[in-house]
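Since the structure comes first, as structure tokens, the remarks are kept for the end.
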Amino acid sequence: MDRAIIHLNIADFAAAVERRLDRRLDRRPLVIAAPTAARAVVYDMSDEAYQAGVRKGMPLSRATRLCRDLAVRPPQPARYEQAMADLLGQARTYSPLIEPGEQDGHLFVDVTGTSRLFGPPVDVAWRLRRRTLQALGLDPIWTLAANKLVAKVASRLVKPQGEYIVAPGDEEAFLSPLPVWLVPGVEGPDLSRLRELNLTRVHQVTALDPAHLEVALGSRAACVAAALRGRDEAPVLPLGQKPPRVEVNQTLATDTHDPAVLEARLYPMVETAGRQLRRQGRVARRIAVTADYSDGRRAVRQMRVEPPTANDLALFDLARRVLHLAVVRRTRVRHLRLVCDRLIFPPAQLPLFEEERRHVLRREHLVAAMDRIRDRFGMEAVRMGRLAG
């Protein structure tokens with residue numbers, strides 16, 4: 148049976164919610180930003196503001212110069228969470244397999260095999276859109292495809308309004324003429340390498356032999372080739388179920404942008420995450436750091452962990468690099484979140500070279516010894532020197 152995945156996406160979600168609550172904002176350029184914050188930046192904007200040149204992350208002062216009649220509203224996260232909950236309530240009628248984004252107005256609904264109950268998937272998509280518009284006053288884009296990746300790309304094509312259907316089997320033909328950067332799963336380093344080779348369209352990359360693509364992209368070649376051909380077996384997770392991951396949060400006692408202070412707060416978070424991973428017998432293949440600024444802006448950066456590890460020392464080396472990628476503004480940081488995900492069981496093979504193998508084993512033995520001490524005497528029994536102050 149062919150899969151049927153609906154992607155609902157309310158474009159410019161925060162701006163759309165504010166317009167639903169205040170109709171005076173309709174058809175008017177609108178940005179969501181903290182107008183009283185120092186160095187305030189744009190959190191979200193309407194399509195009218197986008198057409199005027201306003202972009203997310205742009206300083207509010209510059210946005211107001213680009214668009215003189217700009218309306219500014221402060222971020223209201225509680226409103227957006229409630230609107231997202233209402234949107235999920237509309238979708239629950241049709242499937243238990245609903246995977247929402249993080250309060251950003253988009254979700255996937257798997258309606259595979261529900262035709263006898265609700266009719267063809269395209270009818271379900273139409274009803275979802277109509278019910279959302281009538282009940283919530285929000286008009287979503289909808290797309291229908293055989294997997295999440297293709298449905299997501301189709302949404303990007305029709306934004307800010309519209310619908311798109313990609314029939315099963317047409318995935319590769321649909322993606323072929325599109326620019327490579329439009330396809331999820333193709334990461335920044337992949338795009339840079341392909342651009343160096345003057346490969347900017349999907350059909351140019353998929354025409355290459357696997358061996359040639361491997362020369363260009365190395366170990367990433369197979370993953371990129373699968374994404375550009377529209378192959379995606381990732382399931383739509385049941386509502387409330389998330390892929391296994393380890394998450395650690397830290398709200399700073401005093402907002403700061405001092406790199407030394409932020410690193411000192413980050414290391415205990417890494418220790419906590421590493422300890423949880425080791426207790427689960429897993430290692431992480433990706434690490435992410437989220438920085439919430441005092442003006443309401445959020446920055447998220449992530450990095451692959453190669454080789455996968457649960458070692459505090461190795462994780463901190465990467466977490467520190469990701470932290471400095473996330474914290475690039477002079478605005479103070481209020482909250483940090485560390486996420487280790489794409490968890491797997493530890494690889495059985497050690498590094499091949501003797502010097503690297505000794506280095507890895509030395510780190511593993513050190514962390515194991517610290518775990519034994521803490522298990523017996525508590526977490527404060529041994530601390531890293533960087534935290535002594």
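Using the working numbering, you'd call the opening residue of the sequence shown number 148 and step up by one each time. Note that beta-carbon positions come from the ideal geometry of N, C-alpha and C, so glycine has one too.
Tell me which residue opens and which closes the alpha helix (DSSP H) that residue i is part of.
i, result
"M416", "P406 to Q427"
"V164", "F160 to L168"
"T478", "Counting along the chain, T478 falls outside any alpha helix (DSSP H), and DSSP gives it neither H nor E."
"R277", "P268 to L283"
"V371", "A368 to L375"
"L213", "L207 to L213"
"L177", "That residue, L177, is in no alpha helix (DSSP H); its beta strand (DSSP E) goes L177 to I179."
"E195", "D194 to Q198"
"L172", "Note, L172: premise wrong, no alpha helix (DSSP H); not H, not E."
"L384", "From DSSP, L384 is part of no alpha helix (DSSP H); its letter is neither H nor E."
"R263", "S262 to F265"
Cβ atoms of residue j and residue i: under 8 Å apart, would you say?
i, j, result
"T279", "Y311", "no"
"D194", "P307", "yes"
"R481", "S441", "yes"
"R465", "V514", "Rather than Arg, the amino acid found at residue 465 in this sequence is Leu. No, the pair does not count as a contact, with Cβ atoms beyond the cut-off."
"D233", "L155", "no"
"I179", "E165", "yes"
"A446", "V486", "no"
"E361", "A354", "no"
"R376", "E319", "yes"
"V452", "R429", "no"
"A374", "P331", "yes"
"E527", "N458", "no"
"V300", "V333", "no"
"Q449", "A431", "no"
"V381", "V258", "The residue asked about is misnamed: residue 381 is Ala in this sequence, not Val. Result no, Cβ atoms of A381 and V258 do not sit closer than 8 Å."
"D159", "M192", "yes"
"L552", "L386", "As displayed, the chain neither begins before 148 nor continues past 536, which places residue 552 out of reach and without an answer."
"R340", "L322", "no"
"V393", "L424", "yes"
"D216", "P176", "yes"
"E410", "R467", "yes"
"L285", "A163", "yes"
Does the Cβ of residue i have 16 or more other Cβ atoms within 10 Å, making it buried, or fewer, making it exposed?
i, result
"I491", "exposed"
"P336", "exposed"
"A218", "buried"
"I143", "This structure does not reach residue 143, given that the chain is present from 148 up to 536, and the question cannot be answered."
"T456", "buried"
"P326", "exposed"
"E246", "buried"
"T478", "buried"
"D356", "exposed"
"Q229", "exposed"
"A358", "exposed"
"H253", "buried"
"P222", "buried"
"A420", "buried"
"Q427", "exposed"
"N345", "exposed"
"Q281", "exposed"
"D149", "exposed"
"P324", "exposed"
"G443", "buried"
"A516", "exposed"
"A413", "Reading off the sequence shown, one finds Leu at residue 413, where the question assumed Ala. Buried."
What are the boundary residues of the beta strand (DSSP E) that residue i is part of?
i, result
"D149", "Looking at the DSSP string, D149 is not in any beta strand (DSSP E), and its letter there is neither H nor E."
"T401", "V393 to T403"
"T240", "No beta strand (DSSP E) holds T240; DSSP gives it neither H nor E."
"T437", "A431 to Y440"
"P454", "R445 to T456"
"L220", "It is Arg, not Leu, that sits at residue 220 in the sequence shown. Looking at the DSSP string, the run of the beta strand (DSSP E) that includes R220 is A218 to R220."
"T290", "I288 to A292"
What does DSSP give as the partner residues of residue i in its beta bridges?
i, result
"F255", "H154 and E246"
"D488", "R433"
"M231", "None, per the DSSP bridge assignment."
"D464", "Paired residues: none, contrary to the question."
"V188", "P206"
Looking at chain D, is there any beta carbon in it that lies within less than 8 Å of the beta carbon of residue i?
i, result
"E511", "As a matter of chain content, chain D is missing from the structure shown, which is built from one protein chain."
- [ ] Return the chain-ordered ranges of every beta strand (DSSP E) run that is complete within the segment 303-361 and spans a minimum of 3 residues.
- [x] For the segment 303-361, whole beta strand (DSSP E) runs of length 3 or above, ordered along the chain, are 310-312.
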